[in-house]
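Inspection log for the structure reproduced underneath, given as structure tokens.
2 protein chains.
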Amino acid sequence: MSGSDRGHSSRTEKTRESILAAAQRLFLERGFQATSTDAILAEAGVSSKETLYRYFASKEELFAAVLGHLTTEQPDFSARFAALSPPRDFRALRESLTTAAREILTLMCQPSYLALWRTMMAEAPRFPQLGAAFYSAIPQRGFTLVGSLLRAASEQRIIVEADFEAVARMLLGGLLSYAVTELLVPGQETQPPSPDRADAMVDIILSALTSETERST
Amino acid sequence: MSGSDRGHSSRTEKTRESILAAAQRLFLERGFQATSTDAILAEAGVSSKETLYRYFASKEELFAAVLGHLTTEQPDFSARFAALSPPRDFRALRESLTTAAREILTLMCQPSYLALWRTMMAEAPRFPQLGAAFYSAIPQRGFTLVGSLLRAASEQRIIVEADFEAVARMLLGGLLSYAVTELLVPGQETQPPSPDRADAMVDIILSALTSETERST
DNA sequence: GTATCATCGTACCGTACGGTACGATACTGA
DNA sequence: TCAGTATCGTACCGTACGGTACGATGATAC
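Quick mapping for you: the protein sequence lines, in order, are chains F and L. Numbering of the first sequence is given in the numbering used here, commencing with residue 126 and proceeding in unit increments. Numbering of the second sequence is given in the numbering used here, commencing with residue 126 and proceeding in unit increments.
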């Protein structure tokens, strides 16, 4: 407010960004404890710890800055659902869900995304607010968005009434299970699952949500 | 073979067990790197590092012994499915699946089980064979067992043919999603989900697997 | 009872880490 | 051009860790 950030426009911002970028790479690759501040400096091309501690009060604060940034600014799979408009008919609903599920599956199995999940779960006990923020920003939002999409479809009589919270958790949990595979069996070049795994799950869900219709029609 | 383990029957076994138990508690509670050998000794009531290194060549080997033991000897939720006999009719299938799903949900949300998952995913990059062993012993086996149970049911015309790999992943993944919640939002006493969440998922699955029957009958 | 071996208690080694201090140097803005 | 400051380069501090060494002490087996 009182004109504190005047004199340093581009230069300081650049070093700060490079430190953040280096820290992000190393934290996600090795975890919090296994990443030393010296290694971050070397990766960032910075030659003195004094520079790092000018921008971040401690290693913990740097970690929180990196993970907080990834939680809020990262393109996440929830956004795929947020963009979905209420479906017009069954065909449109199926198309929307299939596209979104495919994108989620692909995104979640990317190494950088897996590393984020791994780091979050590993450090959640030590950084509880980071884990909570991540949960409500990504998976929680996914459950909510899928659930409300299905609810909107049911209100338009496209699908039948059901426990949409359970349905959403099963669809996203099924996709998540592939990420867990990659998380537990790392490195060995397990090729990501083919997109038709997502298609199959959407079709099973929709099959459950239309069977009652068959009876009542 | 050549009479190496003769003289030390009860005493050495006891200290070894106490070291393993202490290491298990601390590794699961704090993780690998944050647990010092000194802390393990204190927790085990052992007064010299020499004793620890008599039984385990390194901290890594002790960690592998603990996690390997937990992977193979722990009562796991796959065993619940392995005990299931091929169902006689639809009612028996639903009963079996509901009971198993409830038990899995309860088991997976227990703190000790969550800590095992967290530790496995956190350390999988550094201990790849541990992660792979855990994956094939627990989640992989769960997918396989549920899938084959459903296949057996479909061969008896209890349910219709379907992509049972996807169905199994969705059912177990849906339950897993509750564990992920607890993993990411730790501590704050989030009460575990009620068992009827498991019931709802089983019913949705079965609804999808009977809808076609309605048509063909 | 005596030899054997596990454990004790303690001291030690080398290394690595998070964080601080400080003079020297390069850059930036007026 | 000059003042301010961000960065450099390096040295340092205190602590903690994994692992080793060794004599003393206790329990166990023959």
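Virtual Cβ for every residue (Gly too), placed ideally from N, Cα, C. Nothing here was measured: the structure is a model prediction, and the numbers come from that model.
Pairwise C-alpha distance: residue j and residue i
| i | j | result |
| --- | --- | --- |
| F:Val327 | F:Ala226 | 8 Å |
| L:Phe358 | F:Ala190 | Here chain L has residues from 126 to 342 only, and residue 358 of chain L is not among them. |
| L:Thr137 | L:Tyr238 | 29 Å |
| F:Asp324 | L:Gln316 | 33 Å |
| F:Thr140 | F:Phe157 | 21 Å |
| L:Ser341 | F:Ser332 | Note on L:Ser341: pLDDT 42, under 50, position unreliable in the model; the coordinate value appears next. Each residue's alpha carbon lies about 15 Å from the other. |
| F:Ala291 | F:Gln149 | 34 Å |
| L:Leu166 | F:Arg294 | 43 Å |
| L:Ala147 | L:Ala247 | 20 Å |
| F:Tyr178 | L:Ile144 | 40 Å |
| L:Ile329 | F:Ala287 | 8 Å |
| F:Leu209 | F:Gly272 | 12 Å |
| L:Ala159 | F:Ala159 | 10 Å |
| L:Thr244 | L:Lys184 | 15 Å |
| F:Leu274 | F:Ser135 | 44 Å |
| L:Gln265 | F:Pro236 | 21 Å |
| F:Thr223 | F:Leu297 | 12 Å |
| F:Ala258 | L:Asp214 | 46 Å |
| F:Glu228 | F:Ser319 | 11 Å |
| F:Glu339 | L:Pro250 | Unreliable positioning characterises F:Glu339 in this predicted model, as indicated by a pLDDT of 46, which lies under 50. The coordinate reading is nonetheless provided below. Approximately 49 Å, taken between the alpha carbons. |
| L:Ser261 | L:Ala240 | 18 Å |
| L:Arg131 | F:Pro311 | Because the pLDDT of L:Arg131 is 37, which lies under 50, any placement of that residue in the model is unreliable, and the number read from its coordinates should be weighed accordingly. Each residue's alpha carbon lies about 41 Å from the other. |
| L:Thr176 | L:Ala169 | 11 Å |
| L:Phe289 | F:Phe289 | 21 Å |
| F:Gly267 | L:Thr197 | 34 Å |
Range covered by the alpha helix (DSSP H) that runs through residue i
| i | result |
| --- | --- |
| L:Asp324 | Asp321 to Ala333 |
| L:Ser210 | Segment: none, L:Ser210 is in no alpha helix (DSSP H) and carries neither H nor E. |
| L:Glu286 | Note, L:Glu286: premise wrong, no alpha helix (DSSP H); not H, not E. |
| F:Ala247 | Pro236 to Glu248 |
| F:Ser221 | Phe215 to Met233 |
| F:Arg136 | Arg136 to Arg155 |
| L:Gln254 | Pro253 to Ala262 |
| F:Val191 | Lys184 to Glu198 |
| F:Ala169 | Thr162 to Ala169 |
Best match in the options for proximity to residue i [C-alpha to C-alpha]
| i | options | result |
| --- | --- | --- |
| F:Leu308 | F:Thr196, F:Ala169, F:Leu331 and F:Trp242 | F:Trp242 |
| F:Ser279 | F:Ala240, F:Thr335 and F:Ala291 | F:Thr335 |
| F:Leu195 | F:Ile229, F:Ile165 and F:Ile263 | F:Ile263 |
| L:Met233 | L:Thr306, L:Val271, L:Leu255 and L:Leu187 | L:Thr306 |
| F:Asp321 | F:Leu230, F:Pro253 and F:Ala167 | F:Leu230 |
| L:Leu255 | L:Gly193, L:Ile165 and L:Ser135 | L:Gly193 |
| L:Phe252 | L:Leu270, L:Phe188 and L:Asp214 | L:Phe188 |
| F:Glu186 | F:Val271, F:Ala257 and F:Thr162 | F:Thr162 |
| L:Ala277 | L:Pro250, L:Ala249, L:Pro211 and L:Gly298 | L:Pro211 |
| F:Val125 | F:Ser319, F:Glu142 and F:Thr197 | Outside the shown range of chain F, which is 126 to 342, sits residue 125 of chain F, and nothing can be said about it. |
Closer than 6 Å: residue i CB and nearest the ligand SAM heavy atom
| i | result |
| --- | --- |
| L:Ser143 | With respect to the ligand SAM, the structure shown offers nothing to examine, as it has no ligands at all. |
Does the count of Cβ pairs from the stretch 298 to 306 of chain L and the stretch 277 to 288 of chain L closer than 8 Å reach three?
no
Given 8 Å as the limit, is there contact between the stretch 218 to 235 of chain L and the stretch 142 to 162 of chain L, that is, 3 or more CB pairs closer than that?
no
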